[in-house]
Every structure is written in C-alpha cells, then in structure tokens.
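S.K.: Chains as they are written, first to last, in our numbering: chain A, 1 to 284; chain B, 1 to 361.
Don't be surprised by glycine CBs; every beta carbon is placed ideally from N, CA and C.
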Amino acid sequence: MEKLERRLGLLSALPIGLLLLLSFVMPLALVAGFATMPQKVFELAHLPDFSSFAVIWEQGYYKSLLRSLGLAFLTTVILFVVCWPLAYGMAKVFGRFTLVITIMVVMILFVSENIRLFGWSLSLMKGGLLEGHMRSWFGFGFETPLYDWPVIVFGMCYVYFPFMLFPLAQGISLVPDDARLAASDLGASPLRILLEIEMPLAAPGIMVGSLLTFVLSAGAVAEAKLLGGRTVIVLTDDVESAFTFGQNWPLGSALSLMLIVIVSVLALIPISRIDLDVIMGRKK
Amino acid sequence: MANKSFVKIENITKRFGRFTALDRINLDIAEGEFLTIVGPSGSGKSTLIRLLVGIDDVTEGTISLDGVRIDTVPANKRPTCMVFQSLALFPHMTVGQNIEFPLKLKGVAPEVRRTRALELLGLLQLPDSYYGKRISQCSGGERQRVALARALAFDPQIIVFDEPLSALDYRLRKTLEKELKDLHARTGKTFVYITHSLEEAMVMSDRIAIMRAGRFEQIATAEEIYSRPVSRFVASFMGEVNLFELEIAADGAAKWQSVPITVSAGKLDAGPGWRGAMMVRPELVRFLEPGQNADFTLPGVLATEYALGSRIQYAVKTEGGSVTVERPFETRLQAAVGSPVTLGWDRGAVHLIAEAADGKA
Numbered sequence: 001m002e003k004l005e006r007r008l009g010l011l012s013a014l015p016i017g018l019l020l021l022l023s024f025v026m027p028l029a030l031v032a033g034f035a036t037m038p039q040k041v042f043e044l045a046h047l048p049d050f051s052s053f054a055v056i057w058e059q060g061y062y063k064s065l066l067r068s069l070g071l072a073f074l075t076t077v078i079l080f081v082v083c084w085p086l087a088y089g090m091a092k093v094f095g096r097f098t099l100v101i102t103i104m105v106v107m108i109l110f111v112s113e114n115i116r117l118f119g120w121s122l123s124l125m126k127g128g129l130l131e132g133h134m135r136s137w138f139g140f141g142f143e144t145p146l147y148d149w150p151v152i153v154f155g156m157c158y159v160y161f162p163f164m165l166f167p168l169a170q171g172i173s174l175v176p177d178d179a180r181l182a183a184s185d186l187g188a189s190p191l192r193i194l195l196e197i198e199m200p201l202a203a204p205g206i207m208v209g210s211l212l213t214f215v216l217s218a219g220a221v222a223e224a225k226l227l228g229g230r231t232v233i234v235l236t237d238d239v240e241s242a243f244t245f246g247q248n249w250p251l252g253s254a255l256s257l258m259l260i261v262i263v264s265v266l267a268l269i270p271i272s273r274i275d276l277d278v279i280m281g282r283k284k
Numbered sequence: 001m002a003n004k005s006f007v008k009i010e011n012i013t014k015r016f017g018r019f020t021a022l023d024r025i026n027l028d029i030a031e032g033e034f035l036t037i038v039g040p041s042g043s044g045k046s047t048l049i050r051l052l053v054g055i056d057d058v059t060e061g062t063i064s065l066d067g068v069r070i071d072t073v074p075a076n077k078r079p080t081c082m083v084f085q086s087l088a089l090f091p092h093m094t095v096g097q098n099i100e101f102p103l104k105l106k107g108v109a110p111e112v113r114r115t116r117a118l119e120l121l122g123l124l125q126l127p128d129s130y131y132g133k134r135i136s137q138c139s140g141g142e143r144q145r146v147a148l149a150r151a152l153a154f155d156p157q158i159i160v161f162d163e164p165l166s167a168l169d170y171r172l173r174k175t176l177e178k179e180l181k182d183l184h185a186r187t188g189k190t191f192v193y194i195t196h197s198l199e200e201a202m203v204m205s206d207r208i209a210i211m212r213a214g215r216f217e218q219i220a221t222a223e224e225i226y227s228r229p230v231s232r233f234v235a236s237f238m239g240e241v242n243l244f245e246l247e248i249a250a251d252g253a254a255k256w257q258s259v260p261i262t263v264s265a266g267k268l269d270a271g272p273g274w275r276g277a278m279m280v281r282p283e284l285v286r287f288l289e290p291g292q293n294a295d296f297t298l299p300g301v302l303a304t305e306y307a308l309g310s311r312i313q314y315a316v317k318t319e320g321g322s323v324t325v326e327r328p329f330e331t332r333l334q335a336a337v338g339s340p341v342t343l344g345w346d347r348g349a350v351h352l353i354a355e356a357a358d359g360k361a
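Structural data, given as structure tokens:
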C-alpha cells in the first residue's frame with residue numbers, strides 16, 4: 001500500500017515533469033549547447049568551445065550586462081519604496097477598498113505591455129501628447145525625457161509594479177497587529193517598528209516581490225527599446241542583435257547563459273532562506 | 001498603599017462610532033496595588049486598558065499617573081506596558097532579543113542588556129540556556145514568562161495584563177496565577193489585570209472591579225465581593241451560589257417562586273413588599289436532622305450528589321427549584337438519593353440584594 005502511494009506520487013508528477021523537461025530544461029540545454037559552439041559556424045561537433053565568452057570580455061559586452069543588472073536593481077529598490085505604503089494600506093488599512101485597488105491594478109495587465117509602453121512613448125516624445133499640448137497652450141515646451149536611462153527605469157517600474165505590490169501586501173498581512181502594538185507599547189518609534197518589526201516579519205513578501213521585479217527587469221526588452229530608443233544598450237539588446245543582424249548564435253547564447261546563471265544564483269540565495277509555505281499561508 | 005490615587009481615571013468615556021464602550025468611568029489605583037478588572041466579553045474591560053496604555057485614544061475624560069496627565073502621551077512614550085492576550089512576542093527574535101528589545105530602544109549597552117535579560121530570566125524561573133532559544137521552541141507557559149520578562153525589562157510604572165492566561169490549561173493557569181501574585185509582591189509594581197474569571201481575580205488581587213456594559217458594578221476587595229455582592233450580576237460571577245428570588249407578602253411571609261420559606265421571627269431584615277434576591281452560599285446550607293432548627297428552613301428531595309475531591313456537592317430539588325449544598329467530603333451524607341431532606345441556614349449566611357439596587361437584572 002505504502003509502495004503504491006509512493007508510486008502514485010511519482011505518477012502524478014509525471015505530466016508536469018515531462019512538460020517542464022520539454023519546455024524548460026531542453027531550451028536551457030540548447031542555449032548552453034549553442035553558447036559553447038565555435039564562433040560563426042553552425043556545428044555541434046566541436047563542443048565545447050569557449051571563444052564566445054572571450055568575445056564578451058574582449059568586446060565589452062559585459063558592460064551591457066552590468067547595465068542591465070544595475071537598472072534592474074534600481075527598479076527593484078524604487079518599486080519597494082513606492083509599493084510599501086500602498087501595500088501596507090491594502091493589507092492593514094483599506095479593508096474592502098483593497099479589492100477595488102486589486103481589480104484596478106490587475107486590469108492594467110489586460111492591455112499588452114508593448115502597447116502600454118508605446119502609449120508612454122507617444123505621450124512623452126517631442127511634439128507628443130504632453131509636450132505638444134503644452135507648447136500649443138502655453139507657447140513653450142520641454143525636452144523629451146525619452147531616450148535616456150531614467151525613463152527606462154520609469155518604464156520598468158510602471159510595468160512591473162504589480163509584481164512588487166501583491167507579494168508585498170501578502171507579506172505585510174503576515175505581520176500580526178499585536179506585534180506592532182506591543183513594540184510601540186515598549187517604546188518603539190514608528191521608524192523602529194518599521195525597521196525592527198514590520199520589515200523582518202514581512203521579509204518573505206519582500207523577498208518574493210524583489211525577486212520577481214529584479215528577474216523580470218534584468219531580462220526586460222521592450223522598455224529599453226520603446227522608451228530608451230536604443231540609446232542605452234542593455235544586455236537583452238545585445239542578445240537580440242547577436243541572434244538577428246549579427247547571426248552570431250554562439251555569442252547570443254553565451255550572453256543569455258551569463259544572464260541566466262547570474263540571475264539564478266541571485267534568486268536561489270534568498271529562496272533557499274525563506275519558507276514558501278509561510279507566504280502561502282499553509283503554516284504559521 | 002501610601003499614595004491612594006497613583007493612577008487616576010476620571011470621567012472616561014470611549015465611543016466607537018455610535019457605540020459607547022465606556023460610560024463616564026472613574027477609577028483610582030494605588031501605587032503597588034494588584035487590581036483586577038472582571039467582566040464578560042464586551043463589558044469594556046479591554047477597551048479601558050487599551051486607553052490606559054495608549055493603544056486607543058479617550059473620547060472624553062482624563063487619565064493621570066502620579067499627578068501627571070498621560071492620556072495625551074503617545075503609547076511609545078507612556079510609562080505603561082501591556083502583556084497582550086496573544087503575548088505579542090516577536091517571532092523573528094530569540095528569547096533574549098525579545099527581552100532586550102525595550103532596553104535596546106533605550107540605547108542600553110549590549111553587555112548591560114544581556115546581564116539584565118539573564119537576571120529577568122532568573123526572576124521568572126527560566127534557565128539561562130533559554131536566552132538563545134527561538135520563541136517557537138518555547139511552550140505556552142514559557143512564552144508567558146518571556147512576555148512578562150519583556151514587560152519588566154521595560155521597567156514600566158504600571159503593567160497591564162489582557163487575559164494572558166486564558167489560553168492555558170487549568171493546571172498551568174493555577175501555577176502561573178500564584179507565580180504572578182508572587183512576582184507582584186517581589187517587584188512592588190502596580191499591576192492591572194483583566195479577566196472574565198472572578199476565581200482568577202480572587203487568587204491574585206488586592207482589589208477587584210466588576211465591570212458591566214461600560215460601567216463599574218462594584219469595586220471592592222475579594223472578600224467584600226465574595227460575601228456582599230451588590231447585585232445579582234456580581235453574584236452570578238461567583239459560580240455556584242444559591243439565589244432565591246424572594247418576595248415578602250403583606251403578612252411578612254417569605255415566598256420563593258410562590259413557595260414559602262420558613263423564617264424564624266425577626267431573622268429576615270426586610271419588610272412586607274420587599275422584592276429581591278437572597279444569596280446563600282452552598283457551603284452554608286445545612287441538612288437539618290429531625291429536631292434541629294435554623295433561621296431559614298426549606299423542605300426538598302435529594303436529587304444528585306457530585307464528588308468534587310475534597311468537597312461533595314448536592315443538588316436538592318425543592319418546589320421552588322434546585323438548591324445547591326456543599327460540604328467537606330468527610331461529612332458525606334448517609335441518606336440515599338431520592339430521600340426527603342430539610343434544608344436550613346442561618347441569618348449570618350444570608351446576603352440580600354434588593355431589586356432597586358440591581359437595576360436591569
């Protein structure tokens with residue numbers, strides 16, 4: 001009987017296991033395969049060859065990698081600061097109004113990310129919606145904020161906002177009200193309560209939210225392209241050009257592989273330290 | 001009790017929307033006193049202590065401590081500290097970090113904090129090895145002690161307890177009640193404790209305040225409340241007492257549910273037309289042997305007996321209703337269940353609660 005149950009577990013896991021193998025592990029293996037192919041040839045016979053990685057170093061592609069990671073980090077920090085008060089309100093203060101906010105935020109996701117970003121691009125461009133109106137009404141305009149790195153960060157904050165907001169609200173709802181009251185009763189100022197009680201107790205939510213936004217921003221393509229207009233080259237741009245104009249699949253794969261490895265390592269450290277069961281509310 | 005009003009609560013009213021939780025409450029607490037507030041859920045006792053420690057703001061009235069108004073001082077600057085019903089220990093900190101938390105906020109040096117935390121662990125009979133333990137590794141009783149140690153580390157002028165023992169099993173609760181009383185004696189701090197159990201209040205308190213629907217029904221020593229409750233409501237908190245709904249007829253006869261209780265002449269301190277409750281404790285009701293007499297007598301039939309360990313309790317069915325009698329186990333009655341008995345008690349055992357004094361009851 002016990003044997004059967006154990007086999008049942010394996011059997012139940014089989015469909016999703018196969019699907020993951022096909023759609024997740026195989027592409028990764030392919031990327032790894034291409035990454036270790038010699039430059040400018042298309043054959044798998046000479047594996048492994050690490051010349052692509054040498055190119056990354058020699059031709060300075062690592063700079064765009066660092067740029068991508070830096071922008072993603074900045075996005076994560078800004079989103080955390082912006083989302084905390086709103087998430088706090090949703091978890092503790094707003095009551096039924098929380099549902100309204102949730103629906104409003106989710107509805108934004110119904111429109112494709114590219115279309116929304118394109119909307120921003122049209123609004124912010126010189127002679128666009130904002131500047132154009134301002135110039136016709138008041139006779140003076142302003143320099144467009146487009147085509148620079150801050151607007152890329154703005155775009156990523158805008159797009160990945162829900163991915164920080166909801167985990168954060170979930171995390172804050174894990175903080176018992178009594179713990180906050182007790183801390184205040186024991187003499188803690190609101191700032192000390194935030195730093196020593198609320199943030200540590202909401203840590204699972206903070207981790208999940210930060211990971212989601214960081215990983216998504218590091219791999220983002222559209223923001224840099226539509227708002228940055230290729231003035232700021234991020235890693236994903238390099239990957240795309242390597243696969244398209246460059247026709248250098250090994251280089252593209254090697255760049256992807258580096259991003260995948262770095263982001264996975266960064267993600268695995270916190271994941272190994274938090275208990276996902278807690279945030280799912282399955283145990284206290 | 002040198003200072004008769006260390007804490008002075010004057011005319012406190014607290015409203016939540018249109019609901020009045022506290023209605024013009026007055027209370028004086030002496031320095032070093034152990035005061036317990038007893039009341040059913042919704043009576044306003046929790047509201048009152050939340051006002052006292054500053055978690056909620058008063059609607060009207062003032063609270064002063066040692067002559068200084070504190071109701072306008074924010075919770076984190078008030079010299080009061082509460083032990084929550086949930087204990088509100090910080091699960092992400094060790095036992096030691098929990099206890100040191102208020103000291104850390106005051107900027108006390110780490111070594112001094114540690115020494116003080118270990119001292120407090122000792123005072124609450126927890127071994128030093130608990131210093132580094134996680135809260136999740138502590139049992140219910142140990143958590144109580146950690147919460148208390150943390151409150152003491154804050155060194156407040158008043159410690160307020162919001163039913164912290166209610167979640168524990170009976171035996172542990174009894175032990176901790178005694179320890180708390182002991183701790184009160186050793187620290188000399190002012191304790192304000194709230195509970196819905198009068199029994200718990202009796203074990204520990206110097207004075208007991210009985211609360212009902214946002215007002216105090218009676219504030220007195222345990223002994224006073226036990227022997228002279230001002231109302232049926234207070235009496236009903238005492239568990240097993242006999243309350244005879246009495247009506248004195250025009251001819252002076254005492255009737256309980258229209259059943260006469262025989263009273264010797266001049267032994268009832270109430271005249272014709274009096275209505276109210278006569279309270280008699282079960283242990284003061286006797287079984288009368290033939291020929292014996294008592295100031296009050298009532299015939300009945302022995303219905304059930306319950307052994308309560310050191311005591312034995314009887315339910316006696318009479319025409320007016322059931323009467324409870326209690327006596328030491330050694331003096332167990334020889335009569336069988338179902339046999340007729342005569343109950344008797346004396347004037348000294350009687351406490352009268354007049355209808356007028358009782359309000360809504």
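What are the residues that DSSP puts in a beta bridge with D28(B)?
M.R.: Along the second sequence, one-based indexing puts residue 28(B) at 28. Looking at the DSSP assignment, D28(B) forms a beta bridge with K8(B).
S.K.: Applying a beta-carbon distance threshold of less than 8 Å, which residues of chain B neighbour I197(A)?
M.R.: Walking along the first sequence from the start, residue 197(A) turns up at place 197. Within chain B, the residues near I197(A) are F90.
S.K.: Label R387(B) either buried or exposed according to how many other C-beta atoms from any shown protein chain fall within 10 Å of its C-beta, with 16 as the threshold for buried.
M.R.: Absent from the structure is residue 387(B), since the part of chain B shown begins at 1 and ends at 361.
S.K.: To the nearest angstrom, how far is the alpha carbon of G61(B) from that of V230(B)?
M.R.: Locating residue 61(B) in the second sequence gives position 61, where the first residue counts as 1. Locating residue 230(B) in the second sequence gives position 230, where the first residue counts as 1. The alpha-carbon of G61(B) is positioned some 26 Å away from that of V230(B).
S.K.: Can you find a C-beta in chain B that's less than 8 Å from the C-beta of R192(A)?
M.R.: Position 192 of the first sequence, counting from 1, holds the residue named residue 192(A). When Cβ-Cβ separations below 8 Å define contact, R192(A) makes contact with chain B.
S.K.: Is the stretch 241-251 of chain B touching the stretch 275-291 of chain B, taking contact as three or more C-beta pairs under 8 Å?
M.R.: yes
S.K.: Check for me: the beta strand (DSSP E) holding Q313(B) runs from which residue to which?
M.R.: Within the second sequence, the letter at position 313 stands for residue 313(B). Where Q313(B) is concerned, the enclosing beta strand (DSSP E) stretches over 311-317.
S.K.: Rank V221(A), K126(A), F243(A), S241(A) by C-alpha distance to the C-alpha of N114(A) and give the top, closest one.
M.R.: As a position in the first sequence, residue 114(A) is number 114, starting the count at 1. That would be V221(A), whose Cα lies nearest to the Cα of N114(A).
S.K.: Under 9 Å Cβ-Cβ, which residues of chain A neighbour F154(B)?
M.R.: Within the second sequence, the letter at position 154 stands for residue 154(B). Those are D185, L186, G187, listed as they occur along chain A.
S.K.: Bridge partners for C81(B) per DSSP, in chain order?
M.R.: Here residue 81(B) corresponds to residue number 81 of the second sequence, with the count starting at 1. Answer is I159(B).
S.K.: Using the C-alpha atoms, what's the distance from T262(B) back to T324(B)?
M.R.: Position 324 of the second sequence, counted from the first residue, corresponds to residue 324(B). Position 262 of the second sequence, counted from the first residue, corresponds to residue 262(B). Cα-Cα distance, rounded: 18 Å.
S.K.: According to DSSP, simplified to helix, strand and coil, what is Q97(B)?
M.R.: One-based indexing of the second sequence puts residue 97(B) at position 97. Of the three classes helix, strand and coil, the one that applies to Q97(B) here is helix, per DSSP.
S.K.: Terminal residues of the continuous beta strand (DSSP E) containing I197(A)?
M.R.: Here residue 197(A) is taken as the residue at index 197 of the first sequence, counted from 1. Segment: none, I197(A) is in no beta strand (DSSP E) and carries neither H nor E.
S.K.: What's the C-alpha gap between P74(B) and L152(B)?
M.R.: Translated into positions along the second sequence, residue 74(B) becomes position 74. Translated into positions along the second sequence, residue 152(B) becomes position 152. Taking the straight line from one Cα to the other gives about 20 Å.
S.K.: Take P91(B) and list the residues in its own chain whose beta-carbon comes closer than 7 Å to its own, dropping the five residues that flank it on each side.
M.R.: On the second sequence, residue 91(B) is found 91 positions in, with the first residue counted as 1. Result list for P91(B): I135, S136, in chain order.
S.K.: R173(B): buried (16+ other C-beta within 10 angstroms of its C-beta) or exposed?
M.R.: The count along the second sequence starts at 1 and reaches residue 173(B) at position 173. Buried, by the Cβ-count rule.
S.K.: If contacts are defined as beta-carbon pairs under 8 Å, then A169(A) and M90(A) qualify, I think. What distance do you get, rounded to the angstrom?
M.R.: To locate residue 169(A), count along the first sequence from 1; it is residue 169. To locate residue 90(A), count along the first sequence from 1; it is residue 90. That pair is a contact at about 4 Å.
S.K.: Which residues does DSSP list as the beta-bridge partners of K14(B)?
M.R.: Along the second sequence, one-based indexing puts residue 14(B) at 14. Answer is L22(B).
S.K.: Rounded to whole angstroms, what is the Cα-Cα separation between F214(A) and F245(A)?
M.R.: In the first sequence, counting from the first residue as 1, residue 214(A) sits at position 214. In the first sequence, counting from the first residue as 1, residue 245(A) sits at position 245. Approximately 28 Å, taken between the alpha carbons.
S.K.: How close, in whole Å, do the beta carbons of M82(B) and I49(B) come, if the pair is a contact with beta carbons under 8 Å?
M.R.: Here residue 82(B) refers to the residue found at position 82 of the second sequence. Here residue 49(B) refers to the residue found at position 49 of the second sequence. The pair is a contact, with the Cβ atoms about 7 Å apart (cut-off 8 Å).
S.K.: Identify each residue in the stretch 73-90 of chain B for which the Cβ-Cβ distance to at least one residue of chain A is less than 7 Å, and report them in chain order.
M.R.: A75, N76, C81, M82, F84, S86, A88, F90
S.K.: Rounded to whole angstroms, how far is the Cβ of V58(B) from the Cβ of D71(B), which I believe are closer than 8 Å?
M.R.: Walking along the second sequence from the start, residue 58(B) turns up at place 58. Walking along the second sequence from the start, residue 71(B) turns up at place 71. With a Cβ gap of about 5 Å, V58(B) and D71(B) count as contacting.
S.K.: Using beta-carbon positions only, say whether V31(A) and S253(A) come within less than 8 Å of one another.
M.R.: On the first sequence, position 31 is the one that residue 31(A) refers to. On the first sequence, position 253 is the one that residue 253(A) refers to. Yes, the Cβ-Cβ distance between V31(A) and S253(A) is below 8 Å.
S.K.: For the stretch 13-42 of chain A, list the alpha helix (DSSP H) runs that are entirely contained and at least 4 residues long, ordered along the chain.
M.R.: 26-35
S.K.: Identify the contact partners of A182(A) in chain B, using a Cβ-Cβ distance below 7 Å as the criterion.
M.R.: Locating residue 182(A) in the first sequence gives position 182, counting from the first residue. Under the 7 Å cutoff, chain B gives F84, A88.
S.K.: Check whether the stretch 324-335 of chain B and the stretch 301-310 of chain B are in contact - that is, three or more C-beta pairs closer than 8 Å.
M.R.: The stretch 324-335 of chain B, when compared against the stretch 301-310 of chain B, does touch it at the 8 Å Cβ threshold.
S.K.: So, with DSSP's three-state summary, where would you put V38(B)?
M.R.: Within the second sequence, numbered from 1, the residue matching residue 38(B) stands at position 38. Correct three-state label for V38(B): strand.
S.K.: Out of E179(B), D162(B), S166(B), A109(B), which has the shortest C-alpha to C-alpha gap to Q125(B)?
M.R.: Here residue 125(B) is taken as the residue at index 125 of the second sequence, counted from 1. Of E179(B), D162(B), S166(B), A109(B), the residue nearest in Cα terms is E179(B).
S.K.: Taking 8 Å as the CB-CB cut-off, is K106(B) touching chain A?
M.R.: Numbered from 1 along the second sequence, position 106 holds the residue referred to as residue 106(B). So, interface residue.
S.K.: Report yes if the C-beta distance between E58(A) and G155(A) is below 8 Å; otherwise report no.
M.R.: Here residue 58(A) refers to the residue found at position 58 of the first sequence. Here residue 155(A) refers to the residue found at position 155 of the first sequence. Contact flag unset, no.
S.K.: Buried or exposed: where does R150(B) fall if 16 or more other Cβ atoms within 10 Å of its Cβ makes it buried?
M.R.: As a working note, residue 150(B) is residue 150 in the second sequence. R150(B) comes out buried.
S.K.: Near G140(B), what residues of its chain come up, given a Cβ to Cβ distance below 6 Å and the 5 sequence neighbours on each side ignored?
M.R.: For the purposes of this step, residue 140(B) is taken as the residue at position 140 of the second sequence. The residues are L168.
S.K.: Opposite Y306(B) in the DSSP bridges: which residues?
M.R.: Here residue 306(B) refers to the residue found at position 306 when the second sequence is read from its first residue. Bridge partners of Y306(B): Q313(B).
S.K.: Could you list which residues in chain B have their beta carbon closer than 7 Å to that of P204(A), in chain order?
M.R.: Counting from 1 along the first sequence, the entry for residue 204(A) is found at position 204. Within 7 Å Cβ-Cβ: nothing; P204(A) doesn't reach chain B, min ~11 Å.
S.K.: Would you check if the distance between the CB atom of D206(B) and the CB atom of F101(B) is smaller than 8 Å?
M.R.: In the second sequence, counting from the first residue as 1, residue 206(B) sits at position 206. In the second sequence, counting from the first residue as 1, residue 101(B) sits at position 101. Contact: no.
S.K.: How far does the beta strand (DSSP E) with Y193(B) in it reach, from first residue to last?
M.R.: What you label residue 193(B) is simply residue 193 of the second sequence in a count that begins at 1. Element bounds for Y193(B): 190-195.
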